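Chains as they are written, first to last, in the numbering used here: chain A, 45 to 381; chain B, 3 to 74; chain C, 331 to 697.
Here a beta-carbon is modelled for each residue, glycine too, at the ideal position from N, C-alpha and C.
Note that the structure is a prediction, hence the values are computed from the model and not measured.
Reviewing the structure listed below.
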Amino acid sequence: MKSTEDRILLAHGSGGRLSHELVQKSLVPSWSNPVLNRLDDAAVFKLSGRLAFTTDSYVVSPIFFPGGDIGKLSICGTVNDLAMCGAQPLYFSVALIIEEGFRLAELERIVTSIKEATEEAGVEIVTGDTKVVPRGSADKLFINTAGVGLIPEGVDISGSNARPGDKILLSGTIGEHGLAVMSQRESLEFKIPIQSDCAPLNKLVVDMLAASPEIHCLRDPTRGGLATTLNELATQSKVGMRIDEENIPLQEAVRATCELLGFDPLYVANEGKLVAILPPTDAERVLNQMRQNCYGREGAIIGEVVEQHPGRVVMRTRLGTSRLIDMLSGDLLPRIC
Amino acid sequence: MCLAIPAKVLSIEGYQAEAEIAGVTRQISLRLTPEVKVGDWVLLHTGYAINVIDEDAAKETLKLLEEMCEVY
Amino acid sequence: MKFIDEYCNVELSQRLVERIRHKSAREVRLMEFCGGHTHAILRYGIRQLLPPTVEMLSGPGCPVCVTANADLDKAIALSGLPGVILASFGDMLRIPGSYSSLQKAKAEGADIRIVYSAMDALRLARENPHRSIIFLGIGFEATAPTIAASILEAEGERIDNYYVFSIHKLCPPVIRALLQSGEVKLDGIVCPGHVSAIIGSQPYEFIAKEYGIACAVAGFEPLDILLSIDMLLAQIESGKPEVEIAYRRGVRPEGNLRAQEIMGQVFETCPATWRGIGEVPQSGLRLRQEYQRFDTEKAFYVDPGPPREARGCLCGDILRGVKWPSDCRLFGQVCTPEHPVGPCMVSSEGSCAAYYQYQSHEAALSK
Ligand code: SF4
């Protein structure tokens with residue numbers, strides 16, 4: 045028999061001594077800050093101004109993947125949701141739902157990566173929760189995070205703000221997160237030199253807003269990929285969009301993997317990219333600023349907003365023809381046909 | 003139908019081989035193409051090399067295309 | 331990527347299109363048999379480049395679209411048997427059968443794994459010696475030899491929990507059936523590329539000889555497809571139909587003899603039922619007597635109930651090339667890529683899905 049200490053037991057979630065030990069030994073020291081350390085029933089802090097508030101649950105499988113893990117993802121995802129409203133993310137909650145039998149060592153790795161992500165993004169975890177569910181009731185570890193952020197004066201970013209004539213910027217290459225995760229799943233057996241792009245984009249957004257406060261829309265093309273995000277924005281703003289296939293940054297390995305599995309990279313998830321829509325006069329300036337940031341180095345102007353075909357996204361192909369880019373329907377499944 | 007893409011064979015062990023496409027690698031089967039040599043390009047379909055790519059033919063087709071299009 | 335990018339060359343494509351426009355004098359109707367070509371034509375917007383005189387019709391070359399409901403229902407029923415892991419290519423998951431789909435069966439608890447290769451299904455068999463691994467063998471001549479090879483491997487390794495449900499289909503027999511019915515008039519056929527990598531170009535000779543229809547085997551990059559169309563137009567113009575290969579880097583006239591041999595060693599032809607087309611003699615593959623122990627038909631019994639067709643769905647007629655997706659009353663209204671009624675709307679190679687994209691594109695640009 046292996047020692048019982050290195051696994052999470054149901055008792056770790058019972059509210060008793062083991063629960064306390066887990067919180068006080070494994071979580072709080074790592075995420076330590078004055079608000080959290082009080083360990084009251086709720087986090088108490090002062091904040092005034094226009095607030096943004098969001099929550100998201102993370103259930104990625106496998107929980108470790110090239111370029112990140114579920115912990116980093118759970119912070120970056122919520123940071124990015126706030127940043128896409130132009131908010132500066134500040135205070136976070138983290139709730140862990142752990143499957144009985146989960147290795148403590150793996151939990152520690154994830155706690156550390158949560159800590160690193162919060163440090164990079166400059167946010168604080170001020171409250172949290174831990175539950176343990178019987179084996180089989182969850183897949184290793186689920187994480188829910190929520191966050192609040194402050195929106196600076198004068199910033200008005202919304203998915204419904206795109207105007208005809210606006211330029212569409214993309215902060216870098218697409219498709220890496222989705223493929224990095226998929227490459228780790230059973231039964232596919234590819235060795236793919238692709239890392240998840242999972243990253244907090246709030247500082248990139250600050251840089252971009254410094255170059256132009258006129259940014260109309262920001263959104264991170266996560267599930268459903270770039271195609272789905274552009275469709276959402278086109279529908280919300282009741283405008284059409286034209287993009288250029290040639291200008292969309294794409295790593296060769298991503299392209300190859302997509303060819304192999306029959307995917308279209310436009311539909312593969314990203315976790316560290318953003319789409320920005322802004323007036324044409326500011327486009328170059330924001331692009332240049334974007335490229336100074338490590339998460340925007342391969343940024344590009346990929347298209348523009350048009351009056352025609354509201355709610356529709358049309359792509360100019362390499363051959364100079366055009367093609368309608370629809371939302372993703374159904375799951376992304378590898379195909380052989 | 004029948005998605006297949008060109009892959010380069012890196013190493014061979016019996017009927018198994020390692021093939022590469024733009025840095026992506028996978029174990030593939032050479033059961034259907036035992037004549038393959040290291041360095042050959044194959045058409046890869048569902049993990050099997052279904053044919054060896056004829057590099058000369060590939061060049062000839064491109065040349066043919068160039069010639070055909072010359073007057074246009 | 332090598333052997334791909336060279337055949338996407340924009341300038342050459344434009345010049346080739348000019349040449350095709352120049353050459354095309356009268357109205358012709360061509361069929362791209364293969365769903366992969368339907369997909370590529372859509373992806374590169376090739377239709378927009380062709381002169382109005384060239385009509386392109388999609389053929390029945392999408393393996394999931396032509397799978398009969400009875401077979402699909404059986405696969406779904408097999409996945410529900412105790413102790414079974416059903417391994418399938420991802421393509422099949424969303425296809426609606428009479429009562430359910432593999433995707434729904436999975437949600438209801440069936441152990442269904444998506445694999446990229448028969449090799450991966452075989453690995454599942456090695457790793458789960460106490461389970462029965464049923465591999466759903468779909469696909470045409472390009473895929474069937476890979477499944478045959480996996481059976482030979484299983485035999486060599488004495489793996490006794492690997493089974494294949496063979497609903498493979500063969501292309502030349504169904505092309506013959508289509509032409510024989512006389513329902514659809516064609517001037518030329520763009521023949522499948524990767525099927526032909528295996529069977530070669532010779533099996534299409536009868537199309538030119540007996541039916542006087544031009545044939546060109548094509549690859550899947552823009553230049554490959556345009557070259558095949560150019561060849562077809564030249565043949566039609568000269569009145570001398572034959573079988574040409576526009577994809578010589580991947581296809582030899584005699585095909586891949588070794589693969590044919592392995593396919594013939596494990597499988598024998600049998601009648602097969604195609605959606606919309608019905609039973610076509612010698613167009614299916616079943617396991618030979620010697621390999622029966624790998625055959626789900628012999629090892630498992632399921633009764634999924636009588637197959638039903640979705641009411642109003644015209645997939646069958648569309649697969650035969652006698653109806654257009656727009657003829658279907660459900661098209662775009664009830665039946666969309668989000669809520670597909672028939673398989674032709676699910677598969678990214680399906681005619682309805684392709685036409686849906688095409689039509690929305692035209693509608694978007696005309697506004
Ligand atoms: S539109 Fe839908 S219902 Fe109509 S034929 Fe196509 S798949 Fe069937």
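query                                                                                                                                                                                             : result
Can you pull the chain C neighbours of residue 42/B, defined as C-beta to C-beta under 8 Å?                                                                                                       : Residues of chain C passing the Cβ test: none, with the nearest at roughly 12 Å.
List, in chain order, every chain C residue whose beta-carbon is nearer than 8 Å to that of residue 380/A.                                                                                        : 419, 420, 421, 446, 469 and 473
Should residue 112/A be counted as a contact of the ligand SF4 given a C-beta to heavy atom distance under 7 Å?                                                                                   : no
Grouping DSSP H, G and I as helix and E and B as strand, with all else coil, what is residue 246/A?                                                                                               : helix
Give a yes or no on whether 8 Å exceeds the smallest Cβ distance from residue 233/A to chain C.                                                                                                   : yes
Report yes if the C-beta of residue 648/C is less than 7 Å from at least one heavy atom of the ligand SF4; otherwise report no.                                                                   : yes
Using a Cβ-Cβ cutoff of 8 Å, what residues of the segment 15 to 35 of chain B are near chain A? List them in chain order.                                                                         : 23, 24, 25, 26, 27, 28 and 29
If you pair each beta-carbon of the segment 202 to 211 of chain A with each one of the segment 319 to 337 of chain A, do three or more pairs fall below 8 Å?                                      : yes
Any idea if residue 56/A is buried or exposed, counting beta-carbon neighbours within 10 angstroms, 16 or more meaning buried?                                                                    : buried
With respect to the alpha helix (DSSP H) encompassing residue 476/C, which residues constitute its N-terminal and C-terminal limits?                                                              : 474 to 486
Kindly examine the ligand SF4 and report whether one of its heavy atoms sits closer than 7 Å to the Cβ of residue 675/C.                                                                          : yes
Tell me which residues share the same chain as residue 130/A and place their Cβ nearer than 6 Å to its Cβ, disregarding the 5 neighbours each side in the sequence.                               : 195, 199 and 201
When DSSP labels each residue in this structure, what does residue 46/A get in the three-state scheme?                                                                                            : Caution applies to residue 46/A, whose pLDDT of 48 falls short of 50 and renders its modelled position unreliable; the model cannot decide the point.
Pull up the DSSP beta-bridge partners for residue 138/A, would you.                                                                                                                               : 172/A and 189/A
Around the C-beta of residue 672/C, are 16 or more other C-beta atoms found within 10 angstroms, so that it is buried, or is it exposed?                                                          : buried
Taking Cβ positions only, does residue 361/C come closer than 8 Å to chain A?                                                                                                                     : no
For residue 138/A versus residue 114/A, is the C-beta distance shorter than 8 Å?                                                                                                                  : no
Should residue 247/A go down as buried or exposed, given a rule of 16 or more other Cβ atoms within 10 Å for buried?                                                                              : buried
Between residue 17/B and residue 5/B, what straight-line distance do the alpha-carbon atoms span, to the nearest angstrom?                                                                        : 22 Å
So within the segment 513 to 550 of chain C, which uninterrupted beta strand (DSSP E) runs reach at least 3 residues, ignoring any that extend past its ends?                                     : 518 to 521 and 544 to 547
What first and last residue would you give for the alpha helix (DSSP H) that runs through residue 510/C?                                                                                          : 501 to 511
In whole angstroms, what separates the C-alpha of residue 501/C from that of residue 301/A?                                                                                                       : 28 Å
Just verifying my parser: in three-state terms, what is the DSSP assignment at residue 661/C?                                                                                                     : strand
Any beta carbon of chain A sitting closer than 8 Å to that of residue 336/C?                                                                                                                      : no
Return the residue from the list 133/A, 372/A, 254/A and 268/A that minimises the CA-CA distance to residue 331/A.                                                                                : 254/A
With DSSP as the reference, identify every bridge partner of residue 18/B, one or two as the case may be.                                                                                         : 15/B and 31/B
Is residue 504/C near the ligand SF4, judged by its Cβ being under 7 Å from some heavy atom?                                                                                                      : no
Within 10 angstroms of the Cβ of residue 55/B, are there 16 or more other Cβ atoms? Answer buried if so, exposed if not.                                                                          : buried
Let me check you understand the geometry: is the CB of residue 652/C closer than 7 Å to at least one non-hydrogen atom of the ligand SF4?                                                         : no
Between the Cα of residue 259/A and those of 105/A, 62/A, 128/A and 96/A, spot the shortest distance and give me the residue it belongs to.                                                       : 128/A
Which first and last residues belong to the beta strand (DSSP E) in which residue 269/A is found?                                                                                                 : Run containing residue 269/A: none in the beta strand (DSSP E); it sits in the alpha helix (DSSP H), 269 to 281.
What's the gap between the Cα of residue 395/C and the Cα of residue 677/C?                                                                                                                       : 7 Å
So if I threshold CB-CB distances at 7 Å, which residues from the segment 358 to 379 of chain A count as touching chain C?                                                                        : 358, 361, 362, 363, 364, 365, 366, 367, 368, 370, 373, 374, 377, 378 and 379
Mind checking if residue 380/C is an interface residue toward chain B, Cβ cutoff 8 Å exclusive?                                                                                                   : no
Quick check on residue 51/B: does DSSP put it in helix, strand or coil?                                                                                                                           : strand
Say whether the segment 272 to 285 of chain A touches the segment 213 to 232 of chain A, bearing in mind that this needs 3 or more beta-carbon pairs closer than 8 Å, one atom from each stretch. : no
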